[in-house]
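J.:
There are 2 protein chains.
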Amino acid sequence: MSDPSKISEAEWQVMKALWEKSPQTANTIVQQILKTRTWSPRTVRTLINRLVAKGALSYSKDGREYQYSPVLSKDQCVQAETKSFIGKIKGTTLTPMLAAFLEEEILTSDEIDELKRMLDQKGGATND
Amino acid sequence: MSDPSKISEAEWQVMKALWEKSPQTANTIVQQILKTRTWSPRTVRTLINRLVAKGALSYSKDGREYQYSPVLSKDQCVQAETKSFIGKIKGTTLTPMLAAFLEEEILTSDEIDELKRMLDQKGGATND
DNA sequence: ACTTTTGTATTACATGTGTAATACTTTAGG
DNA sequence: CCTAAAGTATTACACATGTAATACAAAAGT
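As given, the protein sequences belong to chains B and U, one line each in that order. With this note's numbering as the guide, the letters of the first sequence map in order to residues 1 to 128. With this note's numbering as the guide, the letters of the second sequence map in order to residues 1001 to 1128.
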């Protein structure tokens, strides 16, 4: 309750659909989602409603349909999620985490460059 | 249910206490935890029991007391957690994530070195 | 204008999680 | 041997989450 941007795994899929393109109607969101998930459209509706309830999405009426848009930015959510993740693993050895990151190949070369740059700056500081 | 090593935020604290030192009795685990959390000892007991139930901890009787030990290794859990985290943020721009990592200062200089090394190897490959 | 469609809103229901309290059992002290 | 202390096991309860189904309302077709 303290963290307004607490988005669940399933809800993230909806957010991602809207970050990619918005506004969208519930229907087009469902279309997006069904490309990668096998959820019932009802389930997606539920997720959308919960996100509206927790203030992560907003909508404007467009005739009988609603046009949904993200309220929370992608950056905001990624940051929040990262901090929550860090909260868990903090204090453990991070080598396996780093390995997982590299294995999963989620970093683009640009991001690797950026990470390197940041690490260089950080490396100069009194670290640990 | 599919992922046996699904440890919740609160449960992680217990696991960390046992990864640090094991076996431990419920009492010493409580002591450890109370250094950083303000939970009731009962709460910690509950967490311990749940972890035993989900196969993350085991115990051996030592008189009336139990000696708890981790079944899941730290590396195993960190990897699982990382992959779950990645599952959420995959496909988004990771710059804010990287920033959060650096901000939170969770990387030791050794880990930074290791990450750099891995990135160098990775950097050579056809990345994205 | 009435019925069917198609959207949205409400309700459901099991399992997980945070956060404990109460009940039961075993051991140790008197 | 019996009672108190100290463990463990069971139960509680509200909110979150995954996964929908049902109810309701409005628009569109006939």
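Here a beta-carbon is modelled for each residue, glycine too, at the ideal position from N, C-alpha and C. Bear in mind that the values here come from a model prediction, so they are computed numbers and not experimental data.
Residues in the same chain with beta-carbon distance under 7 Å from U:V1071, minus the five sequence neighbours each way, listed in chain order, please.
T.: Reading the second sequence from its first residue, position 71 is the one you call residue 1071 of chain U. Cβ neighbours of U:V1071 beyond the five flanking positions: G1055, A1056, L1057 and S1058.
J.: Does the segment 1100–1108 of chain U touch the segment 105–114 of chain B, meaning 3 or more C-beta pairs lie closer than 8 Å?
T.: Output reads no: the segment 1100–1108 of chain U does not touch the segment 105–114 of chain B.
J.: Name the chain B residues that come within less than 9 Å of U:V1030, Cβ to Cβ?
T.: Translated into positions along the second sequence, residue 1030 of chain U becomes position 30. Those within 9 Å of U:V1030 in chain B number zero; the least Cβ separation is about 18 Å.
J.: Check the C-beta distance from U:T1093 over to B:K74 and give it rounded, since I have them as a contact under 8 Å.
T.: For the purposes of this step, residue 1093 of chain U is identified with residue 93 of the second sequence, where counting begins at 1. For the purposes of this step, residue 74 of chain B is identified with residue 74 of the first sequence, where counting begins at 1. The pair is a contact, with the Cβ atoms about 7 Å apart (cut-off 8 Å).
J.: Quick one, which of U:K1116, U:S1069, U:K1006 and U:I1007 has its alpha-carbon nearest U:L1018's?
T.: For the purposes of this step, residue 1018 of chain U is identified with residue 18 of the second sequence, where counting begins at 1. When each option's Cα is compared against that of U:L1018, the closest is U:S1069.
J.: B:K90 by DSSP, collapsed to three states: which one?
T.: If you number the first sequence from 1, residue 90 of chain B lands on position 90. Coil at B:K90, not helix or strand.
J.: Alpha carbon to alpha carbon, what distance is there between U:R1064 and B:W12?
T.: Residue numbering aside, residue 12 of chain B sits at position 12 when the first sequence is read from its first letter. Residue numbering aside, residue 1064 of chain U sits at position 64 when the second sequence is read from its first letter. Roughly 46 Å between the two C-alpha positions.
J.: Which chain B residues sit within Cβ distance under 8 Å of U:W1019?
T.: Residue 1019 of chain U sits at position 19 when you count from the first residue of the second sequence. Per Cβ cutoff of 8 Å: T92.
J.: What residues in the segment 1074–1085 of chain U have a beta carbon less than 7 Å from any beta carbon of chain B?
T.: Those residues of the segment 1074–1085 of chain U that come within reach of chain B (Cβ to Cβ, closer than 7 Å) are K1074, D1075, V1078, Q1079, E1081, T1082, K1083 and F1085.
J.: Name, going along the chain, the residues of the segment 96–120 of chain B whose beta-carbon falls closer than 7 Å to a beta-carbon of chain U.
T.: Cβ contacts with chain U: P96, M97, L98, A100, F101, L102, E104, I106, L107, T108, S109, E111, I112, E114, L115, K116, M118 and L119.
J.: Between the alpha carbons of B:Q31 and B:E20, how many angstroms are there, rounded?
T.: Here residue 31 of chain B corresponds to residue number 31 of the first sequence, with the count starting at 1. Here residue 20 of chain B corresponds to residue number 20 of the first sequence, with the count starting at 1. Taking the straight line from one Cα to the other gives about 13 Å.
J.: Below 7 Å on C-beta distance, what does B:I89 contact in chain U?
T.: By 1-based counting over the first sequence, the position of residue 89 of chain B is 89. Going along chain U in sequence order, the residues near B:I89 (Cβ under 7 Å) are V1078 and E1081.
J.: So, B:G87 versus U:E1009, is the Cβ gap smaller than 8 Å?
T.: Walking along the first sequence from the start, residue 87 of chain B turns up at place 87. Walking along the second sequence from the start, residue 1009 of chain U turns up at place 9. Yes, these two residues count as a Cβ contact at 8 Å.
J.: In whole angstroms, what is the alpha-carbon distance linking U:M1118 and U:S1084?
T.: Locating residue 1118 of chain U in the second sequence gives position 118, where the first residue counts as 1. Locating residue 1084 of chain U in the second sequence gives position 84, where the first residue counts as 1. The straight-line gap from Cα to Cα measures roughly 21 Å.
J.: Give the residues of chain B in contact with U:W1012, contact being defined as C-beta atoms less than 7 Å apart.
T.: Residue 1012 of chain U sits at position 12 when you count from the first residue of the second sequence. Result: K88.
J.: Which value, in whole angstroms, describes the spacing of the CA atoms of B:D113 and U:Q1067?
T.: By one-based count along the first sequence, residue 113 of chain B stands at place 113. By one-based count along the second sequence, residue 1067 of chain U stands at place 67. Answer to the nearest angstrom: the Cα atoms are 47 Å apart.
J.: Out of curiosity, what's the CA-to-CA distance linking B:K35 and B:V44?
T.: Stepping through the first sequence from its first residue, residue 35 of chain B is reached at position 35. Stepping through the first sequence from its first residue, residue 44 of chain B is reached at position 44. If I take the Cα positions, the gap works out to 13 Å.
J.: Within this structure, are the beta carbons of B:P96 and U:V1014 separated by less than 8 Å?
T.: Looking up residue 96 of chain B in the first sequence gives position 96. Looking up residue 1014 of chain U in the second sequence gives position 14. Cβ atoms of B:P96 and U:V1014: not closer than 8 Å.
J.: Please list the terminal residues of the continuous alpha helix (DSSP H) segment that includes U:P1096.
T.: Against the second sequence, residue 1096 of chain U aligns to sequence position 96. Segment T1095 to E1104, the alpha helix (DSSP H) holding U:P1096.
J.: For chain B, check one thing: does any of its Cβ atoms lie closer than 8 Å to the Cβ of U:K1035?
T.: Position 35 of the second sequence holds residue 1035 of chain U. No - not a single Cβ of chain B is within 8 Å of the one on U:K1035.
J.: Just to check my reading of the structure: B:A26 and B:I7 have Cβ atoms closer than 8 Å, yes? What is that Cβ distance to the nearest angstrom?
T.: Locating residue 26 of chain B in the first sequence gives position 26, counting from the first residue. Locating residue 7 of chain B in the first sequence gives position 7, counting from the first residue. Going by Cβ atoms, the distance from B:A26 to B:I7 rounds to 18 Å, so no, they are not a contact pair.
J.: Note down, in chain order, every chain U residue with its Cβ under 8 Å from the Cβ of B:K16.
T.: Looking up residue 16 of chain B in the first sequence gives position 16. Within 8 Å Cβ-Cβ: G1091 and T1092.
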